[in-house]
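Here the structure comes first, spelled out in structure tokens, and everything after it is commentary.
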Amino acid sequence: MQKLTNKEEEIMKILWKLNKAFVKEILEEIEGEKPHYNTLSTIVRNLQEKGFVDHEAFGNTHRYFPTVSKEQYRKKYVNTAIADYYNDSFKSLVSHFAQEEKISISELKEIIDLIEKKK
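If you count by numbering that gives the first Met the number 0, then the sequence shown holds residues 0 to 118, one letter each, in order.
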């Protein structure tokens, strides 16, 4: 599974939300500055070539749908990010968020409770 560009990830998030969509429907969901229809169509076809989406043909138009789930993608790239940036250490990841004050003590306690329940 290849890493997606930021724009490809944005398109995949829309497809995961909609489940199935024509390029026009994807375009309507994009927030902020919208790409040209042809540009978006090219991005979606690239996603198809990478194996992230497939399509159903309706005459000359295509309705696209994800073939990789959000969970599959997240699992692959969260683990890759942890390996690349935190030396494969979840402790380093949590410590980073604690030092940056991005996680509260109560959230940390919830994580501990979850871990203890799995034992």
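Glycine residues also receive a C-beta, built at the ideal position from the N, C-alpha and C atoms.
For clarity, every value in this text was computed on a predicted model and none was experimentally measured.
Which of helix, strand or coil DSSP assigns to residue i
i: Asp87; result: coil
i: His35; result: coil
i: Thr60; result: strand
Residue span of the beta strand (DSSP E) that contains residue i, given as start and end
i: Val52; result: Val52 to Phe57
Bridge-paired residues (DSSP) for residue i
i: Arg73; result: Its beta-bridge partners do not exist; DSSP assigns none.
Exposure of residue i, with buried meaning 16 or more beta-carbon neighbours within 10 Å
i: Phe51; result: buried
i: Val77; result: exposed
i: Met0; result: exposed
i: Leu3; result: buried
i: Tyr84; result: exposed
i: Tyr36; result: exposed
Among the options, nearest to residue i - alpha-carbon criterion
i: Asn5; options: Lys101, Val93, Leu46 and Leu17; result: Leu46
i: Pro65; options: Glu32, Asn37 and Phe21; result: Phe21
i: Glu28; options: Ser103, Glu9, Lys74 and Tyr84; result: Glu9
i: Glu55; options: Ser68, Pro34, Gly31 and Lys19; result: Lys19
i: Val43; options: Asn86, Glu24 and Leu92; result: Glu24
i: Leu39; options: Phe57, Gln98 and Leu14; result: Leu14
i: Ile114; options: Ala97, Phe89, Gln98 and Glu100; result: Phe89
i: Glu7; options: Gly58, His95, His61 and Lys69; result: Lys69
Range of the contiguous alpha helix (DSSP H) that encloses residue i
i: Glu28; result: Val22 to Glu28
i: Lys19; result: Element bounds for Lys19: n/a, residue is neither H nor E.
i: Ser105; result: Ile104 to Lys117
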